[in-house]
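Have a look at the structure below, then the notes.
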Ligand code: MLT
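In my numbering, the protein residues as written are 21 to 352.
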């Protein structure tokens, strides 16, 4: 082999190595904070997103469950600062940073999975995404749908507003939820999600509310006995990305990430449809007692909507925002 051929070969190998090094250097490994344990709706959305991201880009991502990267509300701050890439968390933990999102936390506005899909996938969802970028510096790129937040407690069956008396109920640090419980006659205890299991286990609080799938994933059946099917809040759990990190990506990557988020969202809706009933049954098999409000929830609904809606008109952007949402849902 001539000196020239050898030299050319060496050059080619060096160029390929340099190319590979460049590709590797560009490939990111995103960290995604997940508030819940594995096995819930956050996990389902997250896993699907990770799979799609890998298929559509040169990047990868890893889920960190159970609040390993901080409490849900802290992860919004961290993503805003760009010290965390992404997080999947309940919408009620975004509201304190982006108040107009509160329209999705108002009691008895979203009354089904179809309502949730319609709102998040339409103009209202787009407006709230833009507001959240403006107010909280994070971008919602996907939505997990988790079902209604049912009330659980360790002490007694709750079938009426009056039954709540004497119970210490944990809620997220969310003004709308605190006021909802106030309308039902009790002062709930605000507590970070990451502290909730221990709070229930050590009986600092008697109960809490979260969707069936979350109650199951978090093994709350080990420390809670009674469930009440209240439907005041349909839990939506967005996947957010730091806006500064998003803007630092190529146009192709940004497009792929939005597509991956959208496809993972559709998957999440199907996951809820496919799994909620079986999970409810399993919770009963594990010893939980499930009750419905005795009056068809009439008193819960009347008290909450009357006291809470008007109080938050201003923070959600005016009464007309709620009117618009109700009209879209055919209840205007
Ligand atoms: C909360 O109760 O703080 C959240 O809904 C928990 C969750 O993200 O599942």
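Backbone N, C-alpha and C fix where the C-beta goes; we use that ideal spot for every residue, glycine too.
Spatial neighbours of residue 351 in its chain, beta-carbon cut-off 7 angstroms, leaving aside the 5 residues before and after: Residue 351 sits at position 331 when you count from the first residue of the chain shown. Leaving aside the five residues that flank residue 351 on each side, none in its chain has a CB nearer than 7 angstroms to its CB.
C-alpha distance - residue 180 paired with residue 317, whole-angstrom precision: Looking up residue 180 in the chain shown gives position 160. Looking up residue 317 in the chain shown gives position 297. So the alpha carbons of these two residues sit roughly 8 angstroms apart.
Whole-angstrom C-beta distance between residue 303 and residue 232, which should lie under 8 angstroms: Counting from one through the chain shown, the residue named residue 232 turns up at place 212. Counting from one through the chain shown, the residue named residue 303 turns up at place 283. Yes, residue 232 and residue 303 are in contact; Cβ-Cβ is about 7 angstroms, under 8 angstroms.
Inter-residue spacing [alpha-carbon to alpha-carbon] between residue 42 and residue 59: Within the chain shown, residue 42 is the residue found at index 22, counting from 1. Within the chain shown, residue 59 is the residue found at index 39, counting from 1. Residue placement at residue 42 is poorly supported in this model, since its pLDDT is 48, which falls under 50; the coordinates are not used for a value here.
Minimum C-alpha distance to residue 86 - residue among 61, 74, 72 and 99: Against the chain shown, residue 86 aligns to sequence position 66. Cα-wise, what sits closest to residue 86 is 61.
Residues that residue 162 bridges to, as DSSP identifies them: Taking the first residue of the chain shown as 1, we reach residue 162 at position 142. As computed with DSSP, residue 162 is found in a beta bridge with 259.
Simplified DSSP state of residue 252, which is helix, strand or coil: For this step, residue 252 is matched to residue 232 along the chain shown. Here residue 252 sits in coil by DSSP.
Residue range of the unbroken alpha helix (DSSP H) whose run includes residue 98: Within the chain shown, residue 98 is the residue found at index 78, counting from 1. Here the alpha helix (DSSP H) through residue 98 covers 92 to 101.
Environment of the ligand NAD in chain order, Cβ to heavy atom below 5 angstroms: The ligand NAD is absent from the structure shown, which contains only the ligand MLT.
Environment of residue 207 [buried if 16+ CB atoms lie within 10 Å]: As a working mapping, residue 207 is identified with position 187 in the chain shown. So residue 207 counts as exposed.
Three-state class that DSSP yields for residue 201 in the structure shown: Residue mapping note: residue 201 aligns to position 181 of the chain shown, counting from 1. In the structure shown, residue 201 sits in a helix (DSSP, three-state: H, G or I).
Every unbroken beta strand (DSSP E) inside the segment 271 to 346 [3 residues or more]: The segment 271 to 346 contains these whole beta strand (DSSP E) runs: 309 to 311.
Status (buried if at least 16 other CB within 10 Å, exposed otherwise) for residue 340: The residue given as residue 340 occupies position 320 in the chain shown. Under this definition residue 340 is an exposed residue.
Distance between residue 46 and residue 144 (C-alpha atoms, nearest Å): Taking the first residue of the chain shown as position 1, residue 144 is located at position 124. Taking the first residue of the chain shown as position 1, residue 46 is located at position 26. Going by the C-alpha atoms only, they are around 35 angstroms apart.
Extent of the continuous alpha helix (DSSP H) to which residue 68 belongs: The residue you call residue 68 lines up with position 48 of the chain shown. Element bounds for residue 68: 61 to 76.
Buried or exposed by the 16-neighbour rule on C-beta atoms within 10 Å, applied to residue 343: Along the chain shown, one-based indexing puts residue 343 at 323. Exposure of residue 343 is indicated by the presence of fewer than 16 other C-beta atoms within 10 angstroms of its C-beta.
Check whether residue 175 and residue 226 have beta carbons under 7 angstroms apart: Locating residue 175 in the chain shown gives position 155, counting from the first residue. Locating residue 226 in the chain shown gives position 206, counting from the first residue. Yes. Within cutoff.
DSSP three-state assignment for residue 87, whether helix, strand or coil: Counting from 1 along the chain shown, the entry for residue 87 is found at position 67. When secondary structure is reduced to three states using DSSP, residue 87 falls in the coil class, being assigned neither helix nor strand.
C-alpha distance - residue 137 paired with residue 289, whole-angstrom precision: Residue 137 sits at position 117 when you count from the first residue of the chain shown. Residue 289 sits at position 269 when you count from the first residue of the chain shown. For residue 137 and residue 289, the gap between their C-alpha atoms comes out near 8 angstroms.
Proximity below 7 angstroms, CB of residue 196 to CB of residue 258: Stepping through the chain shown from its first residue, residue 196 is reached at position 176. Stepping through the chain shown from its first residue, residue 258 is reached at position 238. No; because the gap between Cβ atoms is not below 7 angstroms, this pair is not in contact.
Sheet register partners of residue 172 (DSSP bridge): As a position in the chain shown, residue 172 is number 152, starting the count at 1. Note: residue 172 is bridge-paired with 228 and 247 in the DSSP secondary-structure output.
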